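Just so you know, the protein sequences line up as chains A and B, in that order.
Position one of the first sequence corresponds to residue 0 (numbering that gives the first Met the number 0), numbered consecutively onward.
Position one of the second sequence corresponds to residue 0 (numbering that gives the first Met the number 0), numbered consecutively onward.
Number of protein chains: 2
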Amino acid sequence: MKKLKRSSRLVEMTQYLLTRPHTLISLTAFADRYQSAKSSISEDLAIIKEVFEEEGIGELQTLAGAAGGVKYMPFMRESAALDIMKKICLKLEQPDRVLPGGYLYMTDMLGQPELLADVGRMFATAFSHRKIDVIMTVETKGIPLAYATAACLNIPVVIVRRDNKVTEGSAVSINYVSGSTKRIQTMSLARRALKEQSHVLIIDDFMKVGGTIQGMMDLLYEFKATVAGVGVFVESGEVELEERLLEDYISLAKLTAVDMKTKQSTVIPGNYFHK
Amino acid sequence: MKKLKRSSRLVEMTQYLLTRPHTLISLTAFADRYQSAKSSISEDLAIIKEVFEEEGIGELQTLAGAAGGVKYMPFMRESAALDIMKKICLKLEQPDRVLPGGYLYMTDMLGQPELLADVGRMFATAFSHRKIDVIMTVETKGIPLAYATAACLNIPVVIVRRDNKVTEGSAVSINYVSGSTKRIQTMSLARRALKEQSHVLIIDDFMKVGGTIQGMMDLLYEFKATVAGVGVFVESGEVELEERLLEDYISLAKLTAVDMKTKQSTVIPGNYFHK
């Protein structure tokens, strides 16, 4: 890269950091990249850090010493997250979303890149200080949420399949009871998809009793993995507390009531906002 | 937002643009956001534009006039894309990836946020000047590629299901013959997932004869939609030309040979790099 003026360097460094979240970049690497003294780089980073933190873009963590450098950690302030989530809840309450069985049609919303980026950033903020090696979800609707979170945390995603596909090699399968069908179903994960002893964050789009998530946890047990956290986009509040299979999870929205006659639902911000 | 110094403003504007690809932002909006004169904003944008274009980050399109403003369009130079793709091809050639039936295990690679961001940017570059309303893929492995592309182009994704889920409402189903199983299979899309007359970019992870993609095209016909393009991550070259069901597609990599005895495969950059 040719030598840049400070103003241009600030633009380039900003994009360099933003596209490499949760990645430690040494001062030396920056100094080489921009053919500049480390002292100038440090001044640039101080400016970027201030803007990122004042404007709620993320944290710029500085590590001192020989192995030191900077790491950009995206976050979203809770006040900003709550504003966005309230708008999402209003959309989820649109009457034509109520489907038979008390489900909500939200596939269209899970197709919007902007919403996904926001939700991914919320999950990344909620789980940013946990040790996580990999994010797990089950096909299909949780997949975009898992990837949006993974992009912020810079960790890989594994997708649990609802059947055992030929193109994945040997796999581990378990049975579980899904709350939606009340029937025994199968989910499986390729043996090579997950290293043993991994710390795994589970992300899914919707949770009622928690049967599907419990299934993923059972599967993780087979891989000797640890559950680092559970995040769901929408939880159903229409579940008796004693029915719920898990307690330790974060929800971003909560479906508190569905009136099948009027096709009216009530959706409020989830437990993440009521700590 | 409080008034920022020029250096801080450049950092903030850079992140603002990067997180809003393919979105027109008016000079007035920027002037209000930063409480600065339009002339200062224009100078800032000129600096950002130069860096983005010199460093191959993207194009900063400037639209003059009352409805004018700037639009950031991510791209990747073909030379940079080819360098990255060559490394991806080497990974795809690892011997333990060859699966029964001449398939390649690449689920792990499709779980890596960095690779996905690169590949999404390549597809976005390849299709950036076409009119596209929505990106379509079929579950499961094409999904992360579709979202990575959608994030760059700022357009929504629809996912075709391999069965008809209860939680999606009324759906259109079609039958197709998948090259991998040679059996008749079903794919379906919720009626409300796609507006009629949409321009649709099809993205998938792997193409052999093209049966699955042909199925998606048949489904699009039912929605009176137009195919704006087809992009596949890896195409199999082990197909007779007359067998291939479609001609107009972009591939990023091509699997030219699989030796089942030695479990050795050969993967080269795809037709995108041989125009």
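We put the CB at the ideal spot given by N, CA and C, even for glycine.
Since this is a predicted model, take the numbers as computed values, not measurements.
- Within the segment 181-249 of chain B, the complete beta strand (DSSP E) segments of 3 residues or longer fall at 183-189, 198-206, 225-235, listed in chain order.
- For Gly110(B), the neighbours in chain A by C-beta distance under 7 angstroms run, in chain order, Pro155, Val156, Val157.
- When DSSP states are grouped into helix, strand and coil, Leu3(B) belongs to the coil group.
- The segment 123-133 of chain B makes contact with the segment 151-160 of chain B: 3 or more CB pairs, one atom from each, lie closer than 8 angstroms.
- In this structure, the CA atom of Lys90(B) is about 15 angstroms from the CA atom of Ala256(B).
- In the displayed model, Gly68(B) falls within a strand according to three-state DSSP.
- One alpha carbon belongs to Ala224(A), the other to Lys140(B), and they sit about 23 angstroms apart.
- Within the same chain, Leu3 come within 7 angstroms of Glu11(A) by CB-CB distance, once the 5 residues on both sides are set aside.
- A distance below 8 angstroms separates the beta carbons of Val171(A) and Glu221(A).
- For Met259(A), none of the residues of chain B pass the 9 angstroms Cβ criterion, the least Cβ distance being about 14 angstroms.
- Here Pro99(B) is exposed, its C-beta having fewer than 16 other C-beta atoms within 10 Å.
- Considering only Ser177(A), Ile56(A), Arg243(A), Leu200(A), the residue with the shortest C-alpha distance to Arg76(A) is Ile56(A).
- For the segment 65-145 of chain B, the continuous alpha helix (DSSP H) assignments of 4+ residues that do not extend past its boundaries occur at 77-91, 112-125, in sequence order.
- About 29 angstroms separates the CB atoms of Thr106(B) and Glu234(A); that is not less than 8 angstroms, and the two are not in contact.
- The three-state reading of DSSP puts Ala252(A) in strand, counting E and B together.
- Interface annotation for the segment 134-153 of chain A against chain B: Glu138, Thr139, Ile142, Pro143, Tyr146, Ala149, Ala150, Asn153, criterion Cβ-Cβ distance under 7 angstroms.
- Sorting Leu26(A), Gly269(A), Ile46(A) by C-alpha distance to the C-alpha of Ile87(A) places Gly269(A) at the top.
- For Thr27(B), the enclosing alpha helix (DSSP H) begins and ends at 26-33.
- The beta-carbon of Leu240(B) is placed no less than 8 angstroms from the nearest beta-carbon of chain A.
- As the crow flies, the alpha-carbon of Ser187(A) is around 54 angstroms from that of Arg5(B).
- Assignment of beta-bridge partners to Thr61(A) by DSSP yields Val69(A).
- Annotation: Ile83(A) has no Cβ neighbours in chain B at a cutoff of 9 angstroms; minimum Cβ distance is about 13 angstroms.
- Interface with chain B (8 angstroms Cβ-Cβ cutoff): Ala224(A) is excluded.
- Interface criterion not met: the Cβ of Asp31(A) is under 8 angstroms from no Cβ in chain B.
- One Cα belongs to Asp203(B), the other to Gly228(B), and the distance between them is close to 11 angstroms.
- Counting the other CB atoms within 10 Å of its CB gives Gln196(A) a total below 16, which places it among the exposed residues.
- Residue range 37-53 is occupied by the alpha helix (DSSP H) that includes Ala45(B).
- By DSSP's assignment, Arg160(B) forms a beta bridge with Ser187(B).
- The beta carbon of Ile134(B) lies closer than 7 angstroms to those of Ala145, Thr148, Ala149, Ile154, Val156, Leu200, Ile202 in the same chain, with the five residues before and after it left out.
- When C-beta distances to chain B are compared with 8 angstroms, the residues of the segment 36-52 of chain A below that value are Ile46, Ile47, Glu49, Val50, Phe51, in chain order.
- In terms of Cβ geometry, Leu59(A) and Tyr71(A) form a close pair [threshold 8 angstroms].
- In the DSSP assignment, Thr265(A) falls within the unbroken beta strand (DSSP E) covering 263-268.
- Under the 8 angstroms criterion on CB atoms, Tyr104(A) is classed as interfacial with respect to chain B.
- Interface annotation, Gln14(B): in contact with chain A, CB-CB separation under 8 angstroms.
- Taken atom to atom, the span from the alpha-carbon of Gly209(B) to that of Ser177(B) is near 8 angstroms.
- At least one CB atom of chain A sits nearer than 8 angstroms to the CB of Met0(B).
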